[in-house]
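Here's the structure we're looking at; comments come further down.
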Amino acid sequence: MLEPLLYPKTVAVIGASRTPGKVGHDILANLIDCGFKGQIVPVNPNADCILGLPCCAELRNHKGGVDLSVISVPVPMVRAAVESSIYAGAKAIAIITAGFREVTPEGAELEREIARLCAARKVRLLGPNCAGLINTHHLMNASIIPNLPPAGGISVISQSGAVCTAIMDWAARRHLGLAKVVGIGNKADLTEIDFLEAFAADEQTKVILGYLESISSGDEFVKVAETVTSAKPVVILKAGTTQAGMRASASHTGSVAGSEVAYGAAFKRSGVIRADNFEKLLDAATALATQPLPKGDRVAIISNAFGPGIMAADAVEQSGMQLAALAQGGSTALRGKIPVLERAGTPINVLGDADLELYGAAIEAAQEDDSVDAVIVILTPQVMTQPAETARTIAHSIRGNKPVLAAFIGGEEIMPSLDEMLDRNLPDFPSPERAVTALRALCEYAAWRRRPPRVVTRFPVHRRRVERIIARHLRTGRIYIGDVKAKEILHAYGFTVPEGHMALTADEAVEVANRIGYPVAMKIVSPNIIHKSDAGGLKLRLSNPEDVRDACDLMLLRIRQRMPEAQVEGVYVERMCSPGREVIIGMNRDPQFGPMLMFGLGGIFVEVMKDVSFHLAPIAAEEAMQMLSETRSYALLTGTRGRTGVDLSAIANSLQRISQLVTDFSQIAELDISPLIVREVGTEPVVADARIILSGVGLNHE
Numbered sequence: 001m002l003e004p005l006l007y008p009k010t011v012a013v014i015g016a017s018r019t020p021g022k023v024g025h026d027i028l029a030n031l032i033d034c035g036f037k038g039q040i041v042p043v044n045p046n047a048d049c050i051l052g053l054p055c056c057a058e059l060r061n062h063k064g065g066v067d068l069s070v071i072s073v074p075v076p077m078v079r080a081a082v083e084s085s086i087y088a089g090a091k092a093i094a095i096i097t098a099g100f101r102e103v104t105p106e107g108a109e110l111e112r113e114i115a116r117l118c119a120a121r122k123v124r125l126l127g128p129n130c131a132g133l134i135n136t137h138h139l140m141n142a143s144i145i146p147n148l149p150p151a152g153g154i155s156v157i158s159q160s161g162a163v164c165t166a167i168m169d170w171a172a173r174r175h176l177g178l179a180k181v182v183g184i185g186n187k188a189d190l191t192e193i194d195f196l197e198a199f200a201a202d203e204q205t206k207v208i209l210g211y212l213e214s215i216s217s218g219d220e221f222v223k224v225a226e227t228v229t230s231a232k233p234v235v236i237l238k239a240g241t242t243q244a245g246m247r248a249s250a251s252h253t254g255s256v257a258g259s260e261v262a263y264g265a266a267f268k269r270s271g272v273i274r275a276d277n278f279e280k281l282l283d284a285a286t287a288l289a290t291q292p293l294p295k296g297d298r299v300a301i302i303s304n305a306f307g308p309g310i311m312a313a314d315a316v317e318q319s320g321m322q323l324a325a326l327a328q329g330g331s332t333a334l335r336g337k338i339p340v341l342e343r344a345g346t347p348i349n350v351l352g353d354a355d356l357e358l359y360g361a362a363i364e365a366a367q368e369d370d371s372v373d374a375v376i377v378i379l380t381p382q383v384m385t386q387p388a389e390t391a392r393t394i395a396h397s398i399r400g401n402k403p404v405l406a407a408f409i410g411g412e413e414i415m416p417s418l419d420e421m422l423d424r425n426l427p428d429f430p431s432p433e434r435a436v437t438a439l440r441a442l443c444e445y446a447a448w449r450r451r452p453p454r455v456v457t458r459f460p461v462h463r464r465r466v467e468r469i470i471a472r473h474l475r476t477g478r479i480y481i482g483d484v485k486a487k488e489i490l491h492a493y494g495f496t497v498p499e500g501h502m503a504l505t506a507d508e509a510v511e512v513a514n515r516i517g518y519p520v521a522m523k524i525v526s527p528n529i530i531h532k533s534d535a536g537g538l539k540l541r542l543s544n545p546e547d548v549r550d551a552c553d554l555m556l557l558r559i560r561q562r563m564p565e566a567q568v569e570g571v572y573v574e575r576m577c578s579p580g581r582e583v584i585i586g587m588n589r590d591p592q593f594g595p596m597l598m599f600g601l602g603g604i605f606v607e608v609m610k611d612v613s614f615h616l617a618p619i620a621a622e623e624a625m626q627m628l629s630e631t632r633s634y635a636l637l638t639g640t641r642g643r644t645g646v647d648l649s650a651i652a653n654s655l656q657r658i659s660q661l662v663t664d665f666s667q668i669a670e671l672d673i674s675p676l677i678v679r680e681v682g683t684e685p686v687v688a689d690a691r692i693i694l695s696g697v698g699l700n701h702e
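At position 580 of the sequence shown the residue is numbered 580 (this note's numbering), and the sequence of numbers has no breaks.
Put into structure tokens, the structure is as follows:
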């Protein structure tokens, strides 16, 4: 329970100061100025009274109880202040002081010591290096942020005090109220996960905003966030992901997976709305805090100019939403009032000299129409335009059953309209594109709330066979599993693999080829050679015994010349796969969030275009199909320009089997099927090449 932190009856300020501008003075002044109804205890050994309140020399000498102790003293004095707070019976401590693990190793150790002290006494710790906290419904501002914002339904979790201040300033400008604002700082104890849970249970909180630079526990975050977003929207701006987590890898998946991708997959899995930047964070919050959720993604656009209407239409289509086609009855009603009504599925143009009645009629028609889920109203200042009056008309026309967003474009001419919209809870955006992006957040969250229960299929597999292969590799210190053994593992989990066998000599290779049938592929088998084609260890479409014999002799000769130190176990001869579409399925185990599945088309689509989708395992069938449709090259799978489509369900099935494999075996760090050959509906995908990398700290690749 975080009640002593969020709803304290007594707040002590250790480090309270008589000097304006000092942190201890500002925190005390904020508590007083916000009208806090509980007891405030300033702690300063060198003062008898500060801001009209009697001081306590040491908190341990305070006679009454303490719920929350806010500490703002120099770093060397923090530990003593914590001990004094615990002795006085404080149930929660917020350390504003900076200079801990974010600065020096010694600071990191002191931070750990303080966290251990608090944990031993079951005292919850906020910070250190935090901005403090605000609870508007409790009239409490125990932070370094001036002014108590109006009470409302948005709660904020931030690792940055400056971001807290910026959000509060934005909310004031937008006439939006806040419920809780918490600066979590270094997260020595309390993290974003604790506050997600607290705000989920908080009756005043309707929307949760977050600015995070790190997530403390990936698995736990996903589980908690998924529960929270089932009831309340969560919008998070995750900073610091451009280079972190990127690394060289032996697999295609590892080469395109990184911290940025992992966070995106985690947010998608848990229903968190991800904001790419600060602007989108605030725009999404504005829409979610003021508008009802749409039933679908069909958008009606009402504009008094063709250009902005087209801009909005482009943005709607690019975002994946649909431009609404008004039903015939609504179109007929509008034709009687609007001079120019374009064909169905285009913006409703009320023309530049549109009067208030036309805007009102268009909005009424859009809200009545069952083929419309949301409305965007655009206005540009023209000769006959009445921005303020139009804003008032729009606001009065809103029924509250569908989201209505406005984009009044301009400068001084439209300023009078802004206050009209803000006063009536009508969100306004400075461009059509920003209005569409905010609406997209509403649609995404609404779709998340409508999602069916996740059902993860468990396939019958030969798990013991995989256990033996992995155990044998790890016993001998090998973490790279080449194509031959990787295919054995995949076959045990239901994948179709080409028939093939090992050969030690050219004669044996010919014997294998004759037995399995031509054409065949030949691959070098060596624990030291990962990328076979680069080393000359791969030959395809060998169609007769002479080709097989020559290829084997030449391959073994070249490998000995180019890589004399390589341990060569022989060659693997296997039946060539029938032609089909090449796709890649992979997995990279993220240290924060666990197994992350990847899907993409083969060749340049992955290697050059990076056209891939990711999802955290385990996945359900619907999520597997979603992975396919998220790629830009999806149309190539469904069939285009006379080409037959491939079996999408078979690919989705393969993704689910990989999901089960990597969930069953945490030792698998990376996996690549490159390529998986897929063909028309009713045919089984075939694994053409595969590799697996096991986790093994201190071990060398085979």
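All C-beta atoms, glycine included, are put in the ideal place defined by N, C-alpha and C.
Keep in mind it's a predicted model, so treat the numbers as computed, not measured.
Beta carbon of residue i, beta carbon of residue j: below 9 angstroms?
{"i": "G661", "j": "I668", "result": "Here the sequence assigns Leu to residue 661, which means Gly is not the residue at that position. It is a contact, given that the beta carbons lie within the stated cut-off."}
{"i": "V404", "j": "L418", "result": "no"}
{"i": "L326", "j": "V316", "result": "no"}
{"i": "Q204", "j": "S259", "result": "no"}
{"i": "F614", "j": "M596", "result": "yes"}
{"i": "L655", "j": "I619", "result": "yes"}
{"i": "G582", "j": "A688", "result": "First, the residue type needs correcting, since residue 582 is Glu and not Gly in the sequence shown. Contact: yes."}
{"i": "N129", "j": "I95", "result": "yes"}
{"i": "L126", "j": "L5", "result": "yes"}
{"i": "G15", "j": "V23", "result": "yes"}
{"i": "K238", "j": "R274", "result": "yes"}
{"i": "E707", "j": "S84", "result": "The structure shown does not extend to residue 707, since the chain spans only 1 to 702, so no value can be given for it."}
{"i": "D159", "j": "G132", "result": "With the sequence shown as reference, residue 159 is identified as Gln, and Asp is not the correct amino acid for it. Taking 9 angstroms as the Cβ cut-off, Q159 and G132 do not qualify as a contacting pair."}
How is the beta strand (DSSP E) around residue i delimited, first residue to last?
{"i": "Q39", "result": "Q39 to V43"}
{"i": "V525", "result": "V520 to V525"}
{"i": "E499", "result": "First-last for E499: undefined, no H or E at that position."}
{"i": "M140", "result": "M140 to S143"}
{"i": "L405", "result": "V404 to F408"}
{"i": "G586", "result": "R581 to D590"}
{"i": "T476", "result": "No beta strand (DSSP E) contains T476, which DSSP labels as neither H nor E."}
{"i": "A566", "result": "Taken as a continuous stretch (DSSP letters only), A566 belongs to no beta strand (DSSP E), as it is neither H nor E."}
{"i": "Y211", "result": "V207 to L212"}
{"i": "N21", "result": "According to the sequence as given, residue 21 is Gly; it is not Asn. Premise fails: G21 is in no beta strand (DSSP E) and is neither H nor E."}
{"i": "R541", "result": "L538 to L542"}
{"i": "G183", "result": "L178 to G183"}
{"i": "A262", "result": "Segment S259 to S270 is the alpha helix (DSSP H) holding A262; no beta strand (DSSP E) there."}
Could you pull the start and end residues of the alpha helix (DSSP H) that residue i belongs to?
{"i": "T640", "result": "Segment: none, T640 is in no alpha helix (DSSP H) and carries neither H nor E."}
{"i": "Y87", "result": "V75 to Y87"}
{"i": "I530", "result": "Segment: none, I530 is in no alpha helix (DSSP H) and carries neither H nor E."}
{"i": "S10", "result": "The identity of residue 10 in the sequence shown is Thr, whereas the question assumes Ser. Segment T10 to I14 is the beta strand (DSSP E) holding T10; no alpha helix (DSSP H) there."}
{"i": "N514", "result": "A506 to I516"}
On a CA-only basis, which of the options is nearest residue i? Give me that one, please.
{"i": "A12", "options": "S303, L655 and V82", "result": "V82"}
{"i": "I157", "options": "V235, Q592, L288 and I693", "result": "V235"}
{"i": "G580", "options": "T683, V573 and N528", "result": "T683"}
{"i": "A120", "options": "D189, V66, I559 and E106", "result": "D189"}
{"i": "R450", "options": "L293, G600, R392 and N528", "result": "L293"}
{"i": "R679", "options": "T644, F459, K9 and A391", "result": "T644"}
{"i": "D67", "options": "A90, R60, V75 and P76", "result": "A90"}
{"i": "D647", "options": "V681, L628, L110 and Q159", "result": "V681"}
{"i": "N61", "options": "W448, Y87 and S270", "result": "Y87"}
Quick one: is the Cβ of residue i within less than 8 angstroms of any heavy atom of the ligand NAP?
{"i": "S613", "result": "Judged by which ligands are present, the structure shown has none, so any question about the ligand NAP falls away."}
Within 8 angstroms, do at least three Cβ pairs link the stretch 168-183 to the stretch 37-56?
no
Contained beta strand (DSSP E) runs [length at least 3] in the stretch 594-680, N- to C-terminal order:
Here the runs fully enclosed are 594-601, 612-616 and 668-678.
Touching or not, the stretch 478-486 and the stretch 688-697, by the rule of three or more beta carbon pairs under 8 angstroms?
With a cut-off of 8 angstroms, the stretch 688-697 and the stretch 478-486 count as touching, because enough Cβ pairs lie within range.
For a minimum of 3 consecutive residues, which ranges assigned as the beta strand (DSSP E) are wholly contained in the stretch 88-119?
Annotation note: the stretch 88-119 contains the following uninterrupted beta strand (DSSP E) runs of length 3 or greater, listed N- to C-terminal: 92-95.
Are three or more beta carbon pairs between the stretch 284-299 and the stretch 454-467 nearer than 8 angstroms?
Touching, no.
How do the stretch 143-155 and the stretch 20-34 stand: do at least 3 beta-carbon pairs fall below 8 angstroms, yes or no?
yes
Pick out the complete alpha helix (DSSP H) segments inside the stretch 353-377, 4 residues or longer, and give them in chain order.
356-368
Meets three-Cβ-pair contact criterion under 8 angstroms: the stretch 484-493 and the stretch 506-514:
no
Run through the stretch 276-315 for me and flag every whole alpha helix (DSSP H) of 4 or more residues, listed as ranges in chain order.
278-290
Assess, as a yes-or-no matter, whether the stretch 438-449 is touched by the stretch 209-226 under the definition of 3 or more beta carbon pairs within less than 8 angstroms.
no
Assess contact between the stretch 44-54 and the stretch 92-112, defined as three or more Cβ pairs (one per stretch) separated by less than 8 angstroms. Is contact present?
Segments in contact, no.
Quick check for students: name the residue ranges of the alpha helix (DSSP H) that lie wholly in the stretch 416-501, counting only runs of 4 or more.
432-450, 463-475 and 483-492
Under 8 angstroms, with one C-beta from each stretch per pair, do the stretch 621-641 and the stretch 538-546 reach the 3-pair mark?
no
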